[in-house]
Amino acid sequence: MKRPFIIAHRGALDYVRENTLASIALALRLGAGMVEIDVRRTKDGVLVVHHEDRIAGMSLPIKALTWPAVRPRIQDAGLPAPYRIPTLRKVLAVFGDKFPLAIEIKSPGAEKSLIRLLSRNRGRGHVVIAPYETFRKIRSLDPTLPVHLLIHPSPRQGFLNWVLGLLSLAHLRLRGASGLVVHRAL
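Numbering-wise, this note's numbering comes out as the position in the sequence shown, counting from 1, plus 1.
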């Protein structure tokens, strides 16, 4: 029997802190074929790997803070380095050539920084997961980067009819999507 392709959501989040170097490393050791991570942009353009819009104990969202304001908070968390919130640059430096990452963009404005970072890691199988507006910006800046369109279906719409009617495979290809990711569909 063919082994299924496993994408580890935020790494091995059931075992160690999600979206960390330790979580990604453990997902790789457990046999994941790809790891999905969440990326947010700081006010000064640094891409950090974090799901929530705020870092615990900070009142402002990540997008309103500069990297120098965020960095000490991450380093002073009392956790060993592999369990702290990393930058995307660090994740790519450690894992970029080991296996593919599915990078979900959580905040707008990260497109140019993301493309710059990924341009050094082409051919590794990395994909970007983005909502429609971010998807469009990435497509206009770099039509060759694999981007999967992220949708959040409304329960009122009749999910299957909506997907089949509006997002047929032909429609996705015309829009330049390399795939479709449905968030909490069923």
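In this text, a Cβ means the ideal position worked out from N, Cα and C, and glycines have one as well. Quick caveat: nothing in here was measured; it's all calculated off a predicted structure.
Close beta carbons around V71, own chain, < 7 angstroms, minus the five adjacent residues each side: Closer than 7 angstroms at Cβ, skipping near neighbours: T43, V49, I56 and I63.
Status (buried if at least 16 other CB within 10 Å, exposed otherwise) for G97: So G97 counts as buried.
Beta-carbon proximity check, V129 vs L115, cutoff 8 angstroms: Their beta carbons are under 8 angstroms apart, which means V129 touches L115 by this criterion.
Close beta carbons around I28, own chain, < 7 angstroms, minus the five adjacent residues each side: As written in the sequence, residue 28 is Ala, which differs from the Ile given in the question. Exclusion of the five residues before and after A28 leaves A9, G12, A13 and V36 as the residues of its chain whose Cβ lies within less than 7 angstroms of its Cβ.
Local Cβ density within 10 Å of R117, reported as buried at 16 or more and exposed below that: Classification for R117: exposed.
Residues of its chain near G126, where Cβ-Cβ distance is below 7 angstroms and the 5 sequence neighbours each way are ignored: In chain order, P101 place their CB closer than 7 angstroms to the CB of G126, counting only its own chain and leaving out the 5 sequence neighbours on each side.
A33 versus D45: straight-line alpha-carbon distance, rounded: The alpha-carbon atoms of A33 and D45 are separated by roughly 33 angstroms.
Coil, strand or helix - L150 by DSSP: In the structure shown, L150 falls within a strand segment according to DSSP collapsed to helix, strand and coil.
Cα-Cα separation, A23 to Y84: Spanning the two alpha carbons is a distance of roughly 6 angstroms.
Spatial neighbours of A65 in its chain, beta-carbon cut-off 8 angstroms, leaving aside the 5 residues before and after: So the list reads K44, once near-sequence residues are dropped.
Closest Cα partner of R121 within the set K3, V92, D15 and P5: Among K3, V92, D15 and P5, the Cα nearest to that of R121 belongs to V92.
Where the alpha helix (DSSP H) through I7 begins and ends: Annotation: I7 is outside any alpha helix (DSSP H) and is labelled neither H nor E by DSSP.
Alpha-carbon spacing of D39 relative to I86, whole angstroms: Taking the straight line joining both Cα atoms gives about 11 angstroms.
Cβ neighbour criterion (16 or more within 10 Å) applied to E53: In summary, E53 is exposed, with fewer than 16 beta-carbon neighbours lying within 10 Å of its beta-carbon over all protein chains present.
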